[in-house]
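Here the sequence shown stands for residues 28 to 141, where the numbers follow my numbering.
The structure under discussion appears below in the form of structure tokens.
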Amino acid sequence: AEETTKNLFHRFCDATANFRDDFELTEPAPRLGAMLNIHQTQGRCFTSLVDNSDLQRFLGHMDVVRQQSNEDTDEREFPDYIQINLMDSFAKPVPVHIFIACFSSMDGQKSHFI
28 AEETTKNLFH
38 RFCDATANFR
48 DDFELTEPAP
58 RLGAMLNIHQ
68 TQGRCFTSLV
78 DNSDLQRFLG
88 HMDVVRQQSN
98 EDTDEREFPD
108 YIQINLMDSF
118 AKPVPVHIFI
128 ACFSSMDGQK
138 SHFI
């Protein structure tokens, strides 16, 4: 399911990224980097890219996503996406719709693919 979801996101989204619960980007995200004019994405904290005016709303959304991803249910109450602004390297807002998929690795660590 994880590979299929990632393939769909890659086909339909302008940029994709993978981060852990601490928001550290765990893989290179070249299209995200190109969109924001950032050369190094891996290892960067995703929340550092979120516009300050949207940060608390994004973190609240992620809290709901985390809570509901831990529940064994097909009924999810959080929206399918959140619309926020990311900041490019020139400190200009870039409006985005973020779709989130949650996965657990073999060692039980959660990761979030956007």
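Here a beta-carbon is modelled for each residue, glycine too, at the ideal position from N, C-alpha and C.
* What first and last residue would you give for the alpha helix (DSSP H) that runs through M94? -> As a first step, residue 94 is located in the sequence shown; it is residue number 67 there, counting from the start. Here residue 94 is Gln; the residue named in the question, Met, does not match the sequence. Unbroken alpha helix (DSSP H) run through Q94: N79 to S96.
* Asked: In whole angstroms, what separates the C-alpha of E30 from that of A128?
  -> Position 3 of the sequence shown, counted from the start, is the residue given in the question as residue 30. Position 101 of the sequence shown, counted from the start, is the residue given in the question as residue 128. Roughly 11 Å between the two C-alpha positions.
* Count the other C-beta atoms from every protein chain shown that fall within 10 angstroms of the C-beta of L63, then say buried if there are 16 or more, exposed otherwise. => What you label residue 63 is simply residue 36 of the sequence shown in a count that begins at 1. Classification of L63: buried, given that the 10 Å Cβ count is 16 or more.
* Asked: Taking all protein chains shown into account, do 16 or more other C-beta atoms lie within 10 angstroms of the C-beta of A56, making it buried, or fewer, making it exposed?
  -> In the sequence shown, residue 56 corresponds to position 29, counting from 1. Residue environment for A56: buried (at least 16 other C-beta atoms within 10 angstroms of its C-beta).
* Which residues DSSP lists as bridging K137, in chain order -> Within the sequence shown, residue 137 is the residue found at index 110, counting from 1. The partner list for K137 (beta bridge, DSSP) reads S131.
* Tell me whether R38 sits in a helix, a strand or coil according to DSSP, three-state version. => Residue 38 sits at position 11 when you count from the first residue of the sequence shown. The answer is helix: DSSP assigns R38 an H, G or I state.
* Is the distance from the Cβ of M142 to the Cβ of P120 below 9 Å? -> In this structure the chain extends from 28 to 141, so residue 142 is not present and cannot be described.
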